[in-house]
Amino acid sequence: MKITKLTTYLVPPRWLFLKIETDEGVTGWGEPVVEGRAHTVATAVDELSDYLIGKDPRNIEDIWTVLYRGGFYRGGAVHMSALAGIDQALWDIKGKALGVSVSDLLGGQVRDKIRVYSWIGGDRPADTARAAKEAVSRGFTAIKMNGTEELQFVDSFEKVDLALANVAAVRDAVGPNVGIGVDFHGRVHKPMAKVLMKELDPYKLMFIEEPVLSENYEALKELAPLTSTPIALGERLFSRWDFKRVLSEGYVDIIQPDASHAGGITETRKIANMAEAYDVALALHCPLGPIALAACLQLDAVCYNAFIQEQSLGIHYNESNDLLDYVKDPSVFDYDKGFVKIPNGPGLGIEINEEYVQERALIGHRWRNPIWRHADGSFAEW
Numbered sequence: 017m018k019i020t021k022l023t024t025y026l027v028p029p030r031w032l033f034l035k036i037e038t039d040e041g042v043t044g045w046g047e048p049v050v051e052g053r054a055h056t057v058a059t060a061v062d063e064l065s066d067y068l069i070g071k072d073p074r075n076i077e078d079i080w081t082v083l084y085r086g087g088f089y090r091g092g093a094v095h096m097s098a099l100a101g102i103d104q105a106l107w108d109i110k111g112k113a114l115g116v117s118v119s120d121l122l123g124g125q126v127r128d129k130i131r132v133y134s135w136i137g138g139d140r141p142a143d144t145a146r147a148a149k150e151a152v153s154r155g156f157t158a159i160k161m162n163g164t165e166e167l168q169f170v171d172s173f174e175k176v177d178l179a180l181a182n183v184a185a186v187r188d189a190v191g192p193n194v195g196i197g198v199d200f201h202g203r204v205h206k207p208m209a210k211v212l213m214k215e216l217d218p219y220k221l222m223f224i225e226e227p228v229l230s231e232n233y234e235a236l237k238e239l240a241p242l243t244s245t246p247i248a249l250g251e252r253l254f255s256r257w258d259f260k261r262v263l264s265e266g267y268v269d270i271i272q273p274d275a276s277h278a279g280g281i282t283e284t285r286k287i288a289n290m291a292e293a294y295d296v297a298l299a300l301h302c303p304l305g306p307i308a309l310a311a312c313l314q315l316d317a318v319c320y321n322a323f324i325q326e327q328s329l330g331i332h333y334n335e336s337n338d339l340l341d342y343v344k345d346p347s348v349f350d351y352d353k354g355f356v357k358i359p360n361g362p363g364l365g366i367e368i369n370e371e372y373v374q375e376r377a378l379i380g381h382r383w384r385n386p387i388w389r390h391a392d393g394s395f396a397e398w
C-alpha cells in the first residue's frame, strides 16, 4: 500500500481536516490544527507531504520518527499539530485496512465508555449557574468554566470576589456531586494565582486548569501546596520531552495533552504512559472537531489513567458548525448519563461526510482568538 495524495480542508467553525489517500483505495482522516493558525498548519502538512507520497502508510512508527526527527528544527505547536493530523490519518488507514478499531491495534480496550464534561459560560464567565443547570439537565455529570476575565499581575480583590461568586453560583446550582473544572486559561499570573487557588478550595473542584502558563511552570512549586484541588495542565505542551519535566517534578496531578497538537495518537499514547508511571491522571484536551474527538476516544479506550474527556458539543466557539455536523452517523458519539461510548468501527470508528466537508471548505474560516487589553492599555492574556 502506498500513499498517493494528501488533501486539507479548512472548515467552519475553526477546524482543519486532512484526508490521506492510498493506491488501494483506503483513505484516512486526521485533524491537524492550531486554533487561529489553521492556514499555517495546512502549509506544514503540505511540506511534510513531500516525504509521505509513495510511502507505506502502515509503517506508522517509522513515519512518525522521520517526520519528527528528519528536520533539524523540530517540535512546537505548528510542526507537532501537522504531524498529529497525519498520524491520526495513518492509524485510521491501518485500522480500516485490517477491519479493526485503532484501540484494537493499540492492545484492546480497558474501558468501553468514558466520562465527558461540558463547557459553560464562554470566554468571559457569565450566566454560569443557568448554563451549568442546563448541562446537567442534558446528562452531564461534569462541567468546565473559565475562572476569571483578564487579570493584571497584581489585581483587585473585586475581581477575586467576582471569580469566587461565579464558582459559588455554579456549585449551588448543581449541588455537591457534579464535577467542576475551573480553567485559569493562562490568564492568571503567580501573585494572583496564590490568592485564587487558596480561596477556591472550599468549593471542592474537580481540578484547576492552567493555574499559570506552562512556560511559568516553576511557579507550581509555590502554588501546589496552597490547595488540595488537583492541578491540571498540558494543552500547550507538544511532546514527551515537553512533559518530562512536568512529570518528574511532581506538581501536576492531571495532564491534558491534545491528540491534535501533541504529535497525534502515537506520541500522545507515550505521554499518557509516562504519566501513568508517575500516578498522574489523563484528561485529553479536545475543544475541536469530530476527528480529533474520535482520536482521543481511541486513546481513552487504551489508557488506564484516562478519567474524563473534553469535547466540544455546544461549546461557545461552534457558532456556524458543531461537532456532529461532519459525520455521517452522529449517533457514533453516543452520549448517555455523562459518558460517551468509544466508537468501535474500523480505524477511528467514524465516517466523515466528505461531500459536506467539501461544501463547507468552500466557505472556510479565518478564526482568530480575541485580543484583550487591560484598563491601562497593556496586553491581557486571553
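Numbering (our numbering), first residue to last: 17 to 398. A virtual CB, placed ideally from N, CA and C, is assigned to each residue, including glycine.
What does the Cβ neighbour count give for residue i, buried or exposed, with the cut at 16 atoms within 10 Å?
i, result
"Lys260", "exposed"
"Pro273", "buried"
"Glu283", "buried"
"Trp257", "exposed"
"Asn334", "buried"
"Trp45", "buried"
"Ala181", "exposed"
"Tyr89", "exposed"
"Leu378", "exposed"
"Ser264", "exposed"
"Glu174", "exposed"
"Glu226", "buried"
"Trp398", "exposed"
"Arg131", "buried"
"Ala54", "buried"
"Glu371", "exposed"
"Arg376", "buried"
"Gly195", "buried"
"Leu216", "buried"
"Leu178", "exposed"
"Gly202", "buried"
"Glu77", "exposed"
"Ala297", "buried"
"Ala288", "buried"
"Thr81", "exposed"
"Glu234", "exposed"
Checking 8 Å against the spacing of the C-beta atoms, do residue i and residue j come in under that value?
i, j, result
"Val228", "Val211", "no"
"Gln327", "Gly365", "no"
"Val94", "Val57", "yes"
"Pro11", "His381", "Since the displayed the chain opens at 17 and closes at 398, residue 11 lies outside it and no answer follows."
"Trp107", "Gly305", "no"
"Glu166", "Trp388", "yes"
"Gly354", "Thr157", "yes"
"Val373", "Val27", "yes"
"Val170", "Pro207", "yes"
"Gly279", "Met161", "no"
"Gly197", "Tyr133", "yes"
"Gly155", "Asp352", "yes"
"Leu121", "Lys110", "yes"
"Leu249", "Val268", "yes"
"Ala142", "Val190", "no"
"Leu114", "Ile102", "no"
Give me the Cβ distance between residue i and residue j, rounded to the nearest whole Å; I'm assuming they're in contact under 8 Å.
i, j, result
"Ile247", "Leu236", "7 Å"
"Pro48", "Leu32", "6 Å"
"Ile271", "Val262", "7 Å"
"Val343", "Asn385", "The Cβ separation is near 26 Å, so there is no contact."
"Ser10", "Gly91", "Nothing can be reported for residue 10: it is not among the residues displayed for the chain, which extend from 17 to 398."
"Asp199", "Gly163", "6 Å"
For residue i, I'd like the list of residues in its chain whose CB is within less than 8 Å of its CB, leaving aside the five on either flank, ordered along the chain.
i, result
"Ala275", "Ala100, Gln104, Ile281, Thr284, Leu300, Cys302, Ala308, Ala311, Cys312 and Leu315"
"Gly266", "Tyr294"
"Lys71", "Lys18, Ile19 and Ile79"
Which same chain residues, not among the five before or five after residue i, have their C-beta less than 6 Å away from its C-beta?
i, result
"Arg140", "Glu165"
"Asn360", "Ser117"
"Arg443", "Since the first residue shown for the chain is 17 and the last is 398, residue 443 is missing from the structure and cannot be characterised."
"His332", "Gly138"
"Val348", "Pro359 and Ile366"
"Asp341", "none"
"Val337", "In the sequence as displayed, the identity of residue 337 is Asn instead of Val. Once the five neighbours on either side are set aside, the close Cβ partners of Asn337 are Pro28 and Pro29."
"Lys21", "Glu37"
"Leu329", "Leu339"
Please list, in chain order, all residues of the same chain as residue i whose beta carbon is under 7 Å from its beta carbon, the five residues on each side excluded.
i, result
"Ala98", "Pro48, Val57, Ala60, Val61 and Leu64"
"Ser119", "Gln125, Gln314, Ala317, Val318 and Ile358"
"Leu242", "Lys210, Met213 and Lys214"
"Phe395", "Arg389"
"Ala184", "Tyr219"
"Val290", "First, the residue type needs correcting, since residue 290 is Met and not Val in the sequence shown. Within the same chain, Met290 has close Cβ partners Arg256, Phe259 and Leu263."
"Asp425", "Past the boundaries of the shown model lies residue 425; the chain is included only from 17 to 398, so the question cannot be answered."
(message) When you compare the segment 117-133 with the segment 309-324, are there three or more beta-carbon pairs, one atom per stretch, that lie closer than 8 Å?
(response) yes
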